[in-house]
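Colleague: Attaching a single structure in structure tokens format; questions to follow.
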Amino acid sequence: MPIDQLGGLTALSAVLAPLDGGGPRTDAVVQRISAAIGLGVMVDGEQLPPELDLASQLGVSTVTLREALAVLRNEGLVHTKRGRGGGSFVKASADVVQSNSLARLQQLSVEELRDIGDEHFAVSGAAAALAARRGLTSDVTRLRGLVTRIRETDAPFECRRADSRFHIEVAVSSQSSRLTRTEVGLQAELSAMIWLPQVAVDPTEEADSHHALVDAIEAENPDLARELAESHSAAHIRRLIKLRMELRNE
1 MPIDQLGGLT
11 ALSAVLAPLD
21 GGGPRTDAVV
31 QRISAAIGLG
41 VMVDGEQLPP
51 ELDLASQLGV
61 STVTLREALA
71 VLRNEGLVHT
81 KRGRGGGSFV
91 KASADVVQSN
101 SLARLQQLSV
111 EELRDIGDEH
121 FAVSGAAAAL
131 AARRGLTSDV
141 TRLRGLVTRI
151 RETDAPFECR
161 RADSRFHIEV
171 AVSSQSSRLT
181 RTEVGLQAEL
191 SAMIWLPQVA
201 VDPTEEADSH
211 HALVDAIEAE
221 NPDLARELAE
231 SHSAAHIRRL
241 IKLRMELRNE
């Protein structure tokens, strides 16, 4: 089973699920597609679904979708080709993703960051505990493979993608579709910010931390798995809040 799929659930379908609540719909569509690109569930050169299909998937009008695509083109995340074989395509360079992620961090208040962190603290802890109770041998194998990718890759962009996939895979191992969808959304929101160069995440330390979590899941120790996941989540939010406060004081 692919690491982004559980019973028909995929990372892409979770990120591009119908919009909830009110607020500006164009902005919400921009955030959703930007998140899918930043998380790596939409990769460079990939063609977006046809406008009618994508608008239907997001639960918005084609007019709203076209307005959002215009914003994404202006941000350098999408380019559009006309005529036969045309459509909108992802343009996801690491520099653009980093620039947009830094801008997004500057838009968030410390209180908003803390609130996002509280949600991830709860979700990641619950997913890890359930993974220790329900996870299969094949789940542990996939998790260890992702830890190896984080440890061995020399490309920061690929390291970040492997890290976010690790968190999603822990949620998949919990066998909870709701937790998996929520984790995908949180990774889409947090991952690119956590791996900003200014945060200076150490891939070796990340791999060691994840290795310990996989050991706890394999040992069927839900209390330790929850503790490790929660501690990891809290540490990353503290780093982001620290960077946000430094940016505010510049």
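Sequential numbering from 1 applies to the sequence shown in this note's numbering. Backbone N, C-alpha and C define an ideal beta-carbon position, used for all residues, glycine too.
1. What residues match up with Phe89 in a beta bridge as DSSP calls it?
2. Tell me where the alpha helix (DSSP H) around Pro222 begins and ends.
3. Starting from the C-beta of Asn100, find all residues in its chain whose C-beta is less than 8 Å away, skip the five residues before and the five after it, and write them out in chain order.
4. Are the CB atoms of Leu228 and Ala207 nearer to each other than 8 Å?
5. Could you pull out every unbroken alpha helix (DSSP H) segment of at least 4 residues lying fully inside the segment 93 to 136, listed in chain order?
6. Taking the continuous alpha helix (DSSP H) assigned at Val172, which residues delimit it?
7. Exposed or buried, what is Ser93 when buried is set at 16 or more other beta-carbons lying within 10 Å of its beta-carbon?
8. Looking at the secondary structure, which residues open and close the alpha helix (DSSP H) in which Ser177 lies?
9. How many Å lie between Asp20 and His120 at the Cα?
10. Decide if the segment 225 to 240 is in contact with the segment 194 to 201; the criterion is three or more beta carbon pairs, one per stretch, under 8 Å apart.
11. With DSSP as the reference, label Gly7 as helix, strand or coil.
12. Taking the straight line between their C-alpha atoms, what separation do you get for Ser138 and Gly45?
13. Just the Cα atoms here: how many angstroms apart are Gly7 and Leu247?
14. If you follow the alpha helix (DSSP H) that Asp253 is part of, which residue opens it and which one closes it?
15. Could you pull the start and end residues of the alpha helix (DSSP H) that Ser34 belongs to?
16. Within 10 angstroms of the Cβ of Met245, are there 16 or more other Cβ atoms? Answer buried if so, exposed if not.
17. Report the option in Leu16, Arg160, Arg142 and Val15 whose CA atom is closest to the CA atom of Val214.
18. Should the segment 177 to 185 be called in touch with the segment 83 to 90, which here means at least 3 C-beta pairs below 8 Å?
19. So the candidates are Val172, Pro24 and Pro50; which of them puts its Cα closest to the Cα of Gly135?
Modeller: So, to answer that:
1. On the sequence shown, position 89 is the one that residue 89 refers to. The partner list for Phe89 (beta bridge, DSSP) reads Gln47 and His79.
2. Stepping through the sequence shown from its first residue, residue 222 is reached at position 222. Unbroken alpha helix (DSSP H) run through Pro222: Pro222 to Arg248.
3. Position 100 of the sequence shown holds residue 100. Apart from sequence neighbours up to five positions away, the residues of its chain that approach Asn100 with a beta-carbon distance below 8 Å are Ser34, Gly38, Glu75, Leu77 and Ala192, ordered along the chain.
4. Here the question's residue 228 lines up with position 228 in the sequence shown. Here the question's residue 207 lines up with position 207 in the sequence shown. Cβ distance not < 8 Å, so Leu228 and Ala207 don't count as in contact.
5. Segments of the alpha helix (DSSP H) lying fully in the segment 93 to 136: 94 to 107 and 110 to 134.
6. Against the sequence shown, residue 172 aligns to sequence position 172. Segment Pro156 to Ser173, the alpha helix (DSSP H) holding Val172.
7. Within the sequence shown, the letter at position 93 stands for residue 93. Counting Cβ neighbours within 10 Å, Ser93 comes out exposed, since fewer than 16 surround it.
8. The residue you call residue 177 lines up with position 177 of the sequence shown. For Ser177, the uninterrupted alpha helix (DSSP H) run begins and ends at Ser177 to Ile194, by DSSP.
9. Working through the sequence shown from its first residue, we reach residue 20 at position 20. Working through the sequence shown from its first residue, we reach residue 120 at position 120. Asp20 and His120: Cα-Cα distance of roughly 19 Å.
10. Yes, the segment 225 to 240 touches the segment 194 to 201.
11. What you label residue 7 is simply residue 7 of the sequence shown in a count that begins at 1. Bear in mind that the predicted position of Gly7 carries a pLDDT of just 44, short of 50, making it unreliable; the figure below should be weighed with that in mind. In the structure shown, Gly7 sits in coil (DSSP, three-state: anything other than H, G, I, E or B).
12. The residue given as residue 138 occupies position 138 in the sequence shown. The residue given as residue 45 occupies position 45 in the sequence shown. Going by C-alpha positions, Ser138 is about 31 Å away from Gly45.
13. Numbered from 1 along the sequence shown, position 7 holds the residue referred to as residue 7. Numbered from 1 along the sequence shown, position 247 holds the residue referred to as residue 247. Model confidence at Gly7 stands at a pLDDT of 44, short of 50, so the residue's coordinates are unreliable and nothing is read from them.
14. A query on residue 253 cannot be resolved here, the shown segment of the chain reaching from 1 to 250 and no further.
15. Walking along the sequence shown from the start, residue 34 turns up at place 34. DSSP places Ser34 in the uninterrupted alpha helix (DSSP H) bounded by Arg25 to Leu39.
16. In the sequence shown, the residue the question calls residue 245 occupies position 245. Label assigned to Met245: exposed.
17. Here residue 214 refers to the residue found at position 214 when the sequence shown is read from its first residue. The candidate whose alpha carbon is nearest that of Val214 is Arg142.
18. Contact between the segment 177 to 185 and the segment 83 to 90 is absent: fewer than 3 CB-CB pairs across the two stretches fall below 8 Å.
19. Stepping through the sequence shown from its first residue, residue 135 is reached at position 135. Checking every option, the nearest Cα to that of Gly135 belongs to Val172.
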